[in-house]
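Here is the structure we will look at, set down as structure tokens.
Chains as they are written, first to last, in this note's numbering: chain A, 1481 to 1595; chain B, 20 to 127.
And the structure:
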């Protein structure tokens, strides 16, 4: 399995500001993903981060609100833009490492609180 | 209807006992199935992948019933450290769909 790190691990932000979350994988991976997990709920896929092309967003998530970069095969960023308290959540990145079909490994998450 | 449904629990299990719980999925075309474990305030960690009818890894056994579209997880000889939320995850057209999780609490 891959080792995945995220920065920051947590942050408290004011509404109207933006936060960029970084995700680093210790090996080259084709597929990286960004999820959101709200308190007491399961994971919801925000988007798939594609290297060399625009991210693919799920229904209910748009690029203007959650711009994603994927400059190479080991790194991705997710920005939460113009934040509101409803954006308070845990944001997780994951990667398919190729060890098994669709197997994903997760970073430790970024706990975001918007005041 | 949710794509993946789980009994939220909690399942309170005496240490050393066996516990089993199921998960149902709606997409009959799904090919890959997983159990993840998530501890409080931590990321999900892959516990088992289930690609055929079942899989066993030590005290953990997963079974897949394609006809009835459910997978199960059985934990034998439960340890206190098995206390966690277990997420059922199913691929649906190449994307992972997560259940809301089943909470297991192992008591001394």
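Cβ coordinates follow ideal geometry from the N, Cα and C atoms, glycine included. These figures come from a predicted structure and were not determined experimentally.
Just measuring C-alpha positions, the residue of 1514(A), 1509(A) and 1508(A) sitting nearest residue 1501(A) is 1514(A).
If you draw a 10 Å sphere on the C-beta of residue 1492(A), you find fewer than 16 other C-beta atoms in it, and that means exposed. Shown here for residue 1516(A): same chain residues with a beta carbon closer than 8 Å to its own, the five before and five after excluded, namely 1523, 1524, 1526, 1569, 1570, 1571 and 1572 in chain order.
Here the C-alpha atom of residue 1586(A) lies approximately 12 Å from the C-alpha atom of residue 66(B). In the structure shown, the three-state DSSP call for residue 101(B) is helix. When the five nearest sequence neighbours on each side are left out, the beta carbons in the same chain lying within less than 7 Å of the beta carbon of residue 1530(A) are those of 1536 and 1550, in order along the chain. In terms of Cβ geometry, residue 117(B) and residue 55(B) form a close pair [threshold 9 Å]. Residue nearest to residue 94(B) within the set 82(B), 87(B) and 86(B) is 82(B) (criterion: CA-CA distance). Secondary structure at residue 1534(A): coil, using DSSP grouped into helix, strand and coil. The C-alpha of residue 1508(A) lies about 8 Å from the C-alpha of residue 1577(A). At a cut-off of 9 Å, the C-beta of residue 63(B) has a neighbouring C-beta in chain A.
Here residue 1543(A) is exposed, its C-beta having fewer than 16 other C-beta atoms within 10 Å.
Residues of the stretch 1543–1574 of chain A with a C-beta less than 8 Å from any C-beta of chain B: 1572, listed in chain order.
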